[in-house]
Amino acid sequence: MALLSPYQNPRYTGANRCSKCTVLNLVLTVLATGLVATANLLAAAIVFIIGLLSIYFRGYLIPGTPTLTKRYLPSNVRRWFGHQPKATDGRGPAIESVLLESGALHEGDGDLYIDPAFQQAWRARVQELRGATDDSLLERIGGLEAEQLAQASVDSAGEKVIAAVGDVQIARWDSRGVFIADAAAAQELEARYDGWETFNFDERTAVLGGLRLWLEWCPYCDGRVALGQETVETCCDTVEVVVGTCEDCNRRLFDLRASTAKLAA
Numbered sequence: 043m044a045l046l047s048p049y050q051n052p053r054y055t056g057a058n059r060c061s062k063c064t065v066l067n068l069v070l071t072v073l074a075t076g077l078v079a080t081a082n083l084l085a086a087a088i089v090f091i092i093g094l095l096s097i098y099f100r101g102y103l104i105p106g107t108p109t110l111t112k113r114y115l116p117s118n119v120r121r122w123f124g125h126q127p128k129a130t131d132g133r134g135p136a137i138e139s140v141l142l143e144s145g146a147l148h149e150g151d152g153d154l155y156i157d158p159a160f161q162q163a164w165r166a167r168v169q170e171l172r173g174a175t176d177d178s179l180l181e182r183i184g185g186l187e188a189e190q191l192a193q194a195s196v197d198s199a200g201e202k203v204i205a206a207v208g209d210v211q212i213a214r215w216d217s218r219g220v221f222i223a224d225a226a227a228a229q230e231l232e233a234r235y236d237g238w239e240t241f242n243f244d245e246r247t248a249v250l251g252g253l254r255l256w257l258e259w260c261p262y263c264d265g266r267v268a269l270g271q272e273t274v275e276t277c278c279d280t281v282e283v284v285v286g287t288c289e290d291c292n293r294r295l296f297d298l299r300a301s302t303a304k305l306a307a
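Numbering (the working numbering), first residue to last: 43 to 307.
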């Protein structure tokens, strides 16, 4: 595999691989193999091997799949593939309300501002957690049942941190620094917001994701965090994202879809 690694496309593999697109391409590979097998078993085996190698190293089977998907798939199909924001059903927490009621944010002059006392406490907790283990950080975020927590794992993929329960991915952070910041914020919100313990893991990470827009200092070096906007291509879509980068150490800390960077009231 090492000899073929130069042919790997990092845009659609590794941490950027879309699991649902991978399943779809595997199904296509099996169908193509079955079709060829009716005529020649050796040729079918070759088709199967080439298909697997293509999916492993390129992320897709048919050349041009990402472009064709973005151009011709209906938006509701792309949404199923996980590359467009899901519409809220009104049952989850209203992120802005939680952050306001907890005292993390204040409203004034038509804008939202982070509370200085909350920011100071958040920053202090981050400094305390810099040496914590990944499992400990996940436990501090909370919202998982005891059985889920027993099956939970946290792994790194480059700069990204991925949490899973069994074989199911439940969260991904663009950097370990933001993973630490989320765990620290979760502890502070638990101390300030009465309803925090009723939120499940997904609801908690949704609130914590919204709070990242007010992360003004780098969890790694305490440098200033600058926000910018970029256009990012996924395997199925092109999206605008708000990017948080440290001006001192130049680490890319997080990105949020521009459409979801506005907190829901």
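Backbone N, C-alpha and C define an ideal beta-carbon position, used for all residues, glycine too.
The model shown is predicted, which means the values in this text are computed figures rather than measured ones.
Counting along the chain, no alpha helix (DSSP H) covers W215; the unbroken beta strand (DSSP E) around it starts and ends at V210 to W215.
Taking all protein chains in view, the Cβ of D297 is crowded by 16 or more other Cβ atoms within 10 Å, so the residue is classified as buried. As the crow flies, the alpha-carbon of F221 is around 15 Å from that of A194. Within the DSSP secondary-structure output, A194 pairs in a beta bridge with V207. Note on C63: 16 or more other CB atoms within 10 angstroms of its CB, so buried under the neighbour-count rule. By the C-beta density criterion, Q229 is buried, having at least 16 other C-beta atoms within 10 angstroms. When DSSP states are grouped into helix, strand and coil, E272 belongs to the strand group. Straight across, the Cα-Cα distance linking L250 with G76 is about 47 Å. Shown here for A225: same chain residues with a beta carbon closer than 7 Å to its own, the five before and five after excluded, namely L171, L179, R182 and I183 in chain order. Exclusion of the five residues before and after A86 leaves T75, V78 and A79 as the residues of its chain whose Cβ lies within less than 7 Å of its Cβ. Here E201 carries a coil assignment [DSSP, helix/strand/coil]. In this structure, D176 lies near V196, with their beta-carbon atoms less than 8 Å apart.
Secondary structure of F241 (DSSP, three-state): coil.
Pairing R299 with N82, the inter-Cα distance amounts to about 48 Å. In this chain, R254 is not harboured by any alpha helix (DSSP H), its DSSP state being neither H nor E. Counting along the chain, R167 sits inside the alpha helix (DSSP H) bounded by residues P158 to L171. C-alpha of N242 to C-alpha of L84: approximately 51 Å in a straight line. The three-state secondary structure of E230, taken from DSSP, is helix. If you ignore the 5 residues before and after R214, its C-beta comes within less than 8 Å of the C-beta of A57, K202, V203, I204 and A205, all in its own chain and listed in chain order.
With fewer than 16 neighbouring CB atoms inside 10 Å of its own CB, P158 falls in the exposed class. Closest by C-alpha distance to V283, out of C263, E258 and G270, is G270. Here Y235 is buried. Its C-beta has 16 or more other C-beta atoms within 10 Å.
Counting along the chain, R182 sits inside the alpha helix (DSSP H) bounded by residues D176 to I183.
For D290, the three-state secondary structure derived from DSSP is coil.
In the structure shown, Y102 falls within a coil segment according to DSSP collapsed to helix, strand and coil.
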